[in-house]
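Asker: My questions will all concern the structure given below.
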Amino acid sequence: MKGPEIIVLSIIALWLTVAAVVIGYPIVTGRMRVGLDPVSRENDPQAFWKAYAFSTTLFLAASVSAGFFVYSILH
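Numbering (numbering that gives the first Met the number 0), first residue to last: 0 to 74.
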């Protein structure tokens with residue numbers, strides 16, 4: 000493997016780990032923090048899913064932006 004390939008694979012592995020935590024942890028626990036207030040899926044499902052959708056969308060948008068940035072550096 001060449002240097003850039005190892006870097007790309009390392010970045011993908013790191014991203015997958017972070018994505019599993021950011022996207023999966025709130026679903027598994029049923030809780031997430033919105034600002035200073037915790038929101039529970041059981042107590043306020045509408046607020047939980049709204050915050051979850053916003054958080055996931057923001058994470059994916061930042062991931063795509065970072066991906067294009069890394070791609071532009073490596074190519």
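Where is the CB? At the ideal position from N, CA and C, for every residue including glycine.
As the structure is a prediction and not an experimental result, all values here were calculated from the model.
1. Any contact of the segment 27-44 with the segment 0-10, i.e. 3+ C-beta pairs under 8 Å?
2. Please identify the residue among A18, N42, V63, Y51 whose C-alpha is closest to the C-alpha of G34.
3. Would you kindly check if the distance between the Cβ of V69 and the Cβ of V7 is under 9 Å?
4. Could you give the first and the last residue of the continuous alpha helix (DSSP H) run that contains V33?
5. Tell me the rounded alpha-carbon separation between N42 and L73.
Answerer: Based on what the coordinates show:
1. Counting Cβ pairs under 8 Å, fewer than three are found: no touch.
2. Of A18, N42, V63, Y51, the residue nearest in Cα terms is Y51.
3. Yes, the Cβ-Cβ distance between V7 and V69 is below 9 Å.
4. Where V33 is concerned, there is no enclosing alpha helix (DSSP H), although the beta strand (DSSP E) it sits in stretches over 30-33.
5. Approximately 46 Å, taken between the alpha carbons.
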